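There are 2 protein chains.
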Amino acid sequence: MPSASTITLNSPLDMHLHLRDGDMLQNIAKESAKTFSGGIIMPNLVPPVCTKEEVVAYRARIRDAIGDETFIPYMTLFFKPEYDHAFLESLREEITAIKLYPAGITTNSEGGVSGFDIETLRPALEAMSDLAIPLCIHGETNGFVMDREAEFVPIYEKLAQAFPKLKIIMEHITTKASVDALERFENLYATITLHHLLITLDDVAGGMLQPHLFCKPIAKRPEDREALLQAALSAHPKVMFGSDSAPHPREAKEACGCAAGVFTAPIALQVLAELFAKHGAIENLPDFISNNAQRIYGITPPAKKIILEEKPFTVPTSYGGVVPMYAGETIDYSIREVMDG
Amino acid sequence: MPSASTITLNSPLDMHLHLRDGDMLQNIAKESAKTFSGGIIMPNLVPPVCTKEEVVAYRARIRDAIGDETFIPYMTLFFKPEYDHAFLESLREEITAIKLYPAGITTNSEGGVSGFDIETLRPALEAMSDLAIPLCIHGETNGFVMDREAEFVPIYEKLAQAFPKLKIIMEHITTKASVDALERFENLYATITLHHLLITLDDVAGGMLQPHLFCKPIAKRPEDREALLQAALSAHPKVMFGSDSAPHPREAKEACGCAAGVFTAPIALQVLAELFAKHGAIENLPDFISNNAQRIYGITPPAKKIILEEKPFTVPTSYGGVVPMYAGETIDYSIREVMDG
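These protein sequence lines map, in sequence, to chains Z and P.
First residue of the first sequence? That's 1 in the numbering used here, and the numbers climb one at a time after it.
First residue of the second sequence? That's 1001 in the numbering used here, and the numbers climb one at a time after it.
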């Protein structure tokens, strides 16, 4: 029987996850599947996932890498303005959402959207609205790195206003400006990563430079982190956990010209438990980690019970060649048991 | 005879220079001596330079590494609040300035000042004022990385007001806030690096992470760079060039947890010529690169004439194991000739 120092989570969901492909997929997908019931799988492969066949084939490769049925890969399509109603209807059953990347803004986003002209986007977005397909957006402009997300907020708002029945998810928000935008439009939602609840630019570049904490959007200011933390800890009903866990090989992270992304999948639940417990908000973790996402997306993930306990866990220095956040450090919570069904 | 596409500089000075010690000193000191007439040598060795004997011995090691007399190492002492008038008088002839580091703020600054209580600092700073020893300050607080310098400006102002005859040099300024402070107190001066005239945080962390552009103070916002550029290009009479050229071995820069510092000594004059020429301000470069410093510090460096020409130069990928700024890239100006005397 769980003692007072355990925390039980039901069907955790990771609403923003990069599982990659090939060897990397084989290496790391099972780390998410161990402790999560499902995740929104980002489509920014090379080439990006843009057709029904590609969605179906990618899902099959993910299932093959995971090897069990207790984790649902909720698939997404890489947004293109030319998608029409007939096309989207033909693959509606295969996808949970569509992900929009501004062109050139992050890893493998070269084929993304370069302008946000409403009339250009209208056919695709009205079709999505009609088919109740949520639109996930990586919201950054090409501006100065600390301003990119805040500069994108007016674009979120323009889209939210033009397509009031379209659910728009502001992905991996990092600023107070984005948190504030949640209140202004009913159809705006957000995911927040683990690392943006924990770090600011100080942790990346305030002491020595820390490539393993370098991510896009870059970690922002203390007041931004505070706004994110308050939204998560208070179980804001429009906010979901999305790790943006983004593995790169150690060589790519430690090289000159390091790639952006923090790998948190294997330790996300343990660290979230520690964070919420520390702030006396553990009763709100189920909403952040699963309930809000189920309601917003209208999904019912497989039943899975994760029992975490307050017991030190030393994070491995590598998972299949990928360095996780807190590599080699000791965190306060461990996974005691995972029960399916 | 120099053609129209050449630029002649007389006795360039680098008013903020790290020459290190040991093998590194042997490797890189001559790169500054080739094209500069002198430089203010920073004292943050391990242990820092704090006595007359240490100053004299360090100068001798620098001269030995350089091997000629056409470059003057203007020596500095590492500031400690316990320095008194008699001590400073005893080594007045050996030093050109004293450098103050807030504790723990940059490379080898652990023994620096932790509080800025005027009465604690008064004996040492009044002695410096009396002996006309300029005070060079690395002005950063322990605050958020983008705010550290602006947060230090009130400390600069407090010192400037309390010691009105003390020349205070705000070293390697990176913000509009510091440029603005120059106007408010007669006894505040500043150095500006090459890299802070060229880059913003975007260049360090806006695309891939670029450890070779990681420095302290960190590169700031576009409007900050613009303010620095205007001060330099207009030959602001209180502003001097100080490269803060800070070599680290390639391994230390490209490692996880990269050290702060950009190595610009070998290419500084060429790139400054290009920058000032591009902005139509070449006639102001002599003030920025030498005349202002001679007047502010009251020094007369060895006569040395540097003829630069508009001719592509491919920057070596390494100088003795140290990666310079623009490594492997082609810049527009070359050193054509250096004439002593």
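Note that beta-carbon positions come from the ideal geometry of N, C-alpha and C, so glycine has one too.
All values derive from a computational prediction rather than experimental measurement.
Review point. Chain P partners of V145/Z, CB-CB under 7 Å?
Key: Translated into positions along the first sequence, residue 145/Z becomes position 145. Going along chain P in sequence order, the residues near V145/Z (Cβ under 7 Å) are L1201, D1202, A1205 and G1206.
**Study point:** I137/Z versus V153/Z: straight-line alpha-carbon distance, rounded
**Key:** Here residue 137/Z is taken as the residue at index 137 of the first sequence, counted from 1. Here residue 153/Z is taken as the residue at index 153 of the first sequence, counted from 1. Near 11 Å, if we compare the C-alpha coordinates of V153/Z and I137/Z.
Exercise for review: Give the range of the alpha helix (DSSP H) segment to which M1024/P is assigned.
Suggested key: Counted from its first residue, the second sequence places residue 1024/P at position 24. That run of the alpha helix (DSSP H) goes G1022 to T1035.
Review point. Quick one, which of V262/Z, A303/Z and E54/Z has its alpha-carbon nearest S37/Z's?
Key: Here residue 37/Z corresponds to residue number 37 of the first sequence, with the count starting at 1. That would be A303/Z, whose Cα lies nearest to the Cα of S37/Z.
Check your understanding: When Cβ atoms are compared, which residues of the region 206-222 of chain Z fall closer than 9 Å to chain P?
Key -> G206, G207, M208, L209, Q210, P211, H212, F214, I218, R221 and P222
Review point. How big is the Cα-Cα spacing for R1061/P and D1021/P?
Key: Sequence index remark: in the second sequence, residue 1061/P carries index 61 (1-based). Sequence index remark: in the second sequence, residue 1021/P carries index 21 (1-based). Roughly 8 Å separates the two Cα atoms.
Check your understanding: Whose C-beta lies closer than 7 Å to the C-beta of G320/Z among residues of the same chain, with five residues either side of it excluded?
Key -> Numbered from 1 along the first sequence, position 320 holds the residue referred to as residue 320/Z. Excluding sequence neighbours, G320/Z sits near N27 and I28.
Review point. Does at least one heavy atom of the ligand GTP sit under 7 Å from the Cβ of D1117/P?
Key: Of the ligands one can find in the structure shown there are none, so the ligand GTP has no counterpart to examine.
Exercise for review: Anything in chain P within Cβ reach of E254/Z, meaning under 8 Å, just list it in chain order.
Suggested key: As a position in the first sequence, residue 254/Z is number 254, starting the count at 1. Those are E1254, A1255 and C1256, listed as they occur along chain P.
Exercise for review: Would you list the one or two residues that DSSP bridges to V1239/P?
Suggested key: The sequence position of residue 1239/P within the second sequence is 239, counting from 1. In DSSP, V1239/P forms a bridge with A1190/P.
**Study point:** Residues of the region 1256-1279 of chain P with Cβ closer than 8 Å to any Cβ of chain Z, in chain order
**Key:** C1256, G1257, C1258, A1259 and A1260
Check your understanding: Can you give the Cα-Cα distance for I307/Z and T1314/P, rounded to whole angstroms?
Key -> What you label residue 307/Z is simply residue 307 of the first sequence in a count that begins at 1. What you label residue 1314/P is simply residue 314 of the second sequence in a count that begins at 1. One C-alpha to the other measures close to 60 Å.
Check your understanding: Identify the residues that DSSP records as bridge partners of M170/Z: which are they?
Key -> Within the first sequence, the letter at position 170 stands for residue 170/Z. According to DSSP, which records beta bridges pairwise, M170/Z is partnered with I137/Z and A190/Z.
**Study point:** Cβ neighbour criterion (16 or more within 10 Å) applied to Q270/Z
**Key:** By 1-based counting over the first sequence, the position of residue 270/Z is 270. By the 10 Å Cβ count, Q270/Z comes out buried.
Review point. Taking buried to mean at least 16 other C-beta atoms within 10 Å of its own C-beta, is D1287/P buried or exposed?
Key: Position 287 of the second sequence, counted from the first residue, corresponds to residue 1287/P. It is buried - the Cβ of D1287/P has at least 16 other Cβ atoms within 10 Å.
Check your understanding: By how many angstroms is the C-alpha of N1108/P removed from the C-alpha of P1048/P?
Key -> As a working mapping, residue 1048/P is identified with position 48 in the second sequence. As a working mapping, residue 1108/P is identified with position 108 in the second sequence. P1048/P and N1108/P: Cα-Cα distance of roughly 8 Å.
Exercise for review: Report the rounded CA-to-CA distance for L17/Z versus C258/Z, giving the unit in angstroms.
Suggested key: As a working note, residue 17/Z is residue 17 in the first sequence. As a working note, residue 258/Z is residue 258 in the first sequence. Cα to Cα, L17/Z sits roughly 20 Å from C258/Z.
Exercise for review: Reducing DSSP to helix, strand and coil, say where R250/Z ends up.
Suggested key: In the first sequence, counting from the first residue as 1, residue 250/Z sits at position 250. DSSP places R250/Z in helix when its eight states are reduced to three.
Practice item. For P222/Z, collect the residues of the same chain with a Cβ closer than 6 Å to its Cβ; drop the 5 residues on either side in sequence, then sort them by chain order. Key: For the purposes of this step, residue 222/Z is taken as residue 222 along the first sequence, with counting starting at 1. If we look at P222/Z and ignore the five residues flanking it on each side, its Cβ neighbours are T200.
Check your understanding: Is it true that the region 1230-1249 of chain P meets the region 190-207 of chain Z, where meeting means three or more beta-carbon pairs spaced less than 8 Å apart?
Key -> no
Practice item. Report back the beta-carbon spacing between L1197/P and L1159/P to the nearest angstrom; my notes put them in contact at under 8 Å. Key: As a first step, residue 1197/P is located in the second sequence; it is residue number 197 there, counting from the start. As a first step, residue 1159/P is located in the second sequence; it is residue number 159 there, counting from the start. In fact, because the Cβ distance is near 26 Å, the residues do not count as touching under 8 Å.
Exercise for review: Quick one: using the 10 Å Cβ neighbour count with 16 as the cut-off for buried, is S290/Z buried or exposed?
Suggested key: Start at 1 with the first residue of the first sequence, and residue 290/Z comes out as number 290. Per the 10 Å Cβ criterion, buried.
Practice item. Would you check if the distance between the CB atom of Y326/Z and the CB atom of A273/Z is smaller than 8 Å? Key: Indexing the first sequence from 1 puts residue 326/Z at position 326. Indexing the first sequence from 1 puts residue 273/Z at position 273. Going by C-beta atoms, Y326/Z is not nearer than 8 Å to A273/Z.
**Study point:** Terminal residues of the beta strand (DSSP E) in which Y1333/P lies
**Key:** Walking along the second sequence from the start, residue 1333/P turns up at place 333. Looking at the DSSP string, the run of the beta strand (DSSP E) that includes Y1333/P is T1330 to D1340.
Check your understanding: In angstroms, rounded to a whole number, what distance separates the CA positions of I173/Z and I218/Z?
Key -> On the first sequence, residue 173/Z is found 173 positions in, with the first residue counted as 1. On the first sequence, residue 218/Z is found 218 positions in, with the first residue counted as 1. Cα to Cα, I173/Z sits roughly 10 Å from I218/Z.
Check your understanding: Does DSSP put T8/Z in a helix, in a strand, or in coil?
Key -> In the first sequence, residue 8/Z corresponds to position 8, counting from 1. Reduced to three states, the DSSP call for T8/Z is strand.
Point to revise | When V1055/P, E1119/P and T1096/P are compared against G1298/P, the one with the closest alpha-carbon | key: Residue numbering aside, residue 1298/P sits at position 298 when the second sequence is read from its first letter. The option with the nearest alpha carbon to G1298/P is T1096/P.
Review point. Quick one: is V1056/P buried, meaning 16 or more other Cβ sit within 10 Å of its Cβ, or exposed?
Key: Looking up residue 1056/P in the second sequence gives position 56. Exposed, because fewer than 16 other Cβ atoms sit within 10 Å of the Cβ of V1056/P.
Review point. What three-state label does DSSP hand V145/Z in the structure shown?
Key: In the first sequence, counting from the first residue as 1, residue 145/Z sits at position 145. Here V145/Z sits in coil by DSSP.
Exercise for review: State the DSSP-derived secondary structure class of P2/Z, mapped to helix, strand or coil.
Suggested key: By 1-based counting over the first sequence, the position of residue 2/Z is 2. Confidence at P2/Z is low in this model, with a pLDDT of 47, below 50, so its placement is unreliable and the value that follows should be read with caution. In this structure, P2/Z counts as coil in the three-state DSSP scheme.
Check your understanding: Where do the ends of the beta strand (DSSP E) carrying T345/Z lie?
Key -> Nothing about residue 345/Z can be reported from this structure: the residues present for chain Z run from 1 to 341 only.
Practice item. Give the range of the beta strand (DSSP E) segment to which M15/Z is assigned. Key: What you label residue 15/Z is simply residue 15 of the first sequence in a count that begins at 1. Element bounds for M15/Z: L13 to L17.
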